[in-house]
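Below you'll find the structure, written out as structure tokens, and then a few comments.
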Amino acid sequence: MFPIEKYHYASSVIDAVQALAADEKARVIAGGTDVLVRLHGGNSDYASLVDVNGLHELKEIRQDGEGNIFIGALATCTEIIEHELIQKHTPMIVQSLGTIGGPQVRNCATMGGNICNGAVSADSACAALIYEFDLLIEGVKGERIESINGFHTGPGRTLLQQGDILKAFRIRPPNYKGVLASYQKYAMRGAMDIATIGCGVGLTMDDERISTLKLAFTVAAPTPIRCSNAEKAVANRAVTEETLELLTEALVDDVRPRESWRAGKEFRLHIIKTLARKGLRQAAEMQEELT
85 MFPIEKYHYA SSVIDAVQAL AADEKARVIA GGTDVLVRLH GGNSDYASLV
135 DVNGLHELKE IRQDGEGNIF IGALATCTEI IEHELIQKHT PMIVQSLGTI
185 GGPQVRNCAT MGGNICNGAV SADSACAALI YEFDLLIEGV KGERIESING
235 FHTGPGRTLL QQGDILKAFR IRPPNYKGVL ASYQKYAMRG AMDIATIGCG
285 VGLTMDDERI STLKLAFTVA APTPIRCSNA EKAVANRAVT EETLELLTEA
335 LVDDVRPRES WRAGKEFRLH IIKTLARKGL RQAAEMQEEL T
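Numbering (my numbering), first residue to last: 85 to 375.
This is the structure in structure tokens:
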């Protein structure tokens, strides 16, 4: 028996906001792939639930006239993976969501939940950082937009406030057009395990040289991060062994891998360097295929 004390089925976004604001202990339940596990373990922090599964307007995936891509917070991982718009313009999202659990989990889990739970190992976080998601949030004071940059404030913590509901992610054209992107995940059991390290690379090239590089990691610091030192170190360089060496040297100043029972700090740092090199090579190979 799950220790649920209060349950509210939201009839609208505003109704959900009001229900959450009225109860400081209330939590959102959407796909339930995290919440139900915690409830099954007897976690009383999830005893008061606001169910948003009836808010079908939050499942929409679309592109507006200006080229902005919107992904509803309630769209499941499977729905996002299979959507032609996402496959065409932001394939790294498909890559990263495809590593979450198994098919049954992806059929229920949402990218909204994956990001908003604040887990440092969230598989979609690298894609969010590479494509620089905007988060459209409804709160007690109305709608606001937060950037994914800085959205995660610590392990399990985000900028979301009591009463906030994520409505959708927005990806602006400059953040996906012409971007060659690759996601690499190291885990003990592949898709059926959380990431020991996750790595995302976003690359634009100009005459076989790196025009811009975006390098993101999960489980390499207390929050998902971009690696600004490494990104600057390889700007305007061709993708050579020397460049890859510069990349791995510079990113040491960006990351703070931890020691845990899953992996030691030095092992994590080795994986971080390996995935960065592999991801940059893979993204550069995409450019070669286009030319």
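Even glycine gets a Cβ: it sits at the ideal position worked out from N, Cα and C. In this text, all values refer to a predicted model and were calculated from it rather than measured experimentally.
Legend entry - Closest residue to L299 among I170, M176, G125 (Cα-Cα distance): Counting from one through the sequence shown, the residue named residue 299 turns up at place 215. The shortest C-alpha separation from L299 is found at M176.
Legend entry - 8 Å Cβ cutoff met for D338 and C311: Along the sequence shown, one-based indexing puts residue 338 at 254. Along the sequence shown, one-based indexing puts residue 311 at 227. The answer is yes: Cβ separation under 8 Å.
Legend entry - Beta-carbon proximity of L364 to V285, cut-off 8 Å: Translated into the one-based positions of the sequence shown, residue 364 becomes position 280. Translated into the one-based positions of the sequence shown, residue 285 becomes position 201. Between L364 and V285, the C-beta gap is smaller than 8 Å, which places the two residues in contact.
Legend entry - Backbone CA spacing between P341 and P257 [nearest angstrom]: In the sequence shown, residue 341 corresponds to position 257, counting from 1. In the sequence shown, residue 257 corresponds to position 173, counting from 1. Looking at the two C-alpha atoms, the distance is approximately 32 Å.
Legend entry - One or two residues paired with H236 in a DSSP bridge: Against the sequence shown, residue 236 aligns to sequence position 152. Looking at the DSSP output, H236 sits in a beta bridge with T242.
Inset, instruction - For H173, collect the residues of the same chain with a Cβ closer than 7 Å to its Cβ; drop the 5 residues on either side in sequence, then sort them by chain order. - result: As a working mapping, residue 173 is identified with position 89 in the sequence shown. Excluding the 5 residues flanking it on each side, H173 has same chain C-beta neighbours closer than 7 Å at I153, Y260, in chain order.
Inset, instruction - Could you pull out every residue in the same chain whose Cβ sits closer than 7 Å to the Cβ of E108, ignoring the five residues on either side in sequence? - result: Position 24 of the sequence shown, counted from the start, is the residue given in the question as residue 108. Closer than 7 Å at the Cβ level, and outside the excluded window around E108, lie Q246.
Legend entry - Beta-carbon contacts of M370 that lie in its chain and below 6 Å, excluding the five residues immediately before and after: The count along the sequence shown starts at 1 and reaches residue 370 at position 286. Result list for M370: L264, in chain order.
Legend entry - Selected residue, minimal CA-CA separation from K251, among L120, V136, D118, D129: For this step, residue 251 is matched to residue 167 along the sequence shown. Comparing Cα-Cα distances from K251 to each of L120, V136, D118, D129, the minimum goes to V136.
Inset, instruction - Could you tell me if A114 is buried or exposed, where buried requires 16 or more neighbouring beta carbons within 10 angstroms of its beta carbon? - result: Counted from its first residue, the sequence shown places residue 114 at position 30. With 16 or more other Cβ atoms inside 10 Å of its own Cβ, A114 counts as buried.
Inset, instruction - For N227, write down the residues that DSSP places opposite it in a beta bridge. - result: Along the sequence shown, one-based indexing puts residue 227 at 143. For the record, residue 227 in the displayed sequence is Glu; it is not Asn. Residue pairing from DSSP places E227 in a beta bridge opposite E222.
Inset, instruction - Note down the Cα distance separating Q179 from C283, rounded to an integer number of angstroms. - result: As a position in the sequence shown, residue 179 is number 95, starting the count at 1. As a position in the sequence shown, residue 283 is number 199, starting the count at 1. Looking at the two C-alpha atoms, the distance is approximately 11 Å.
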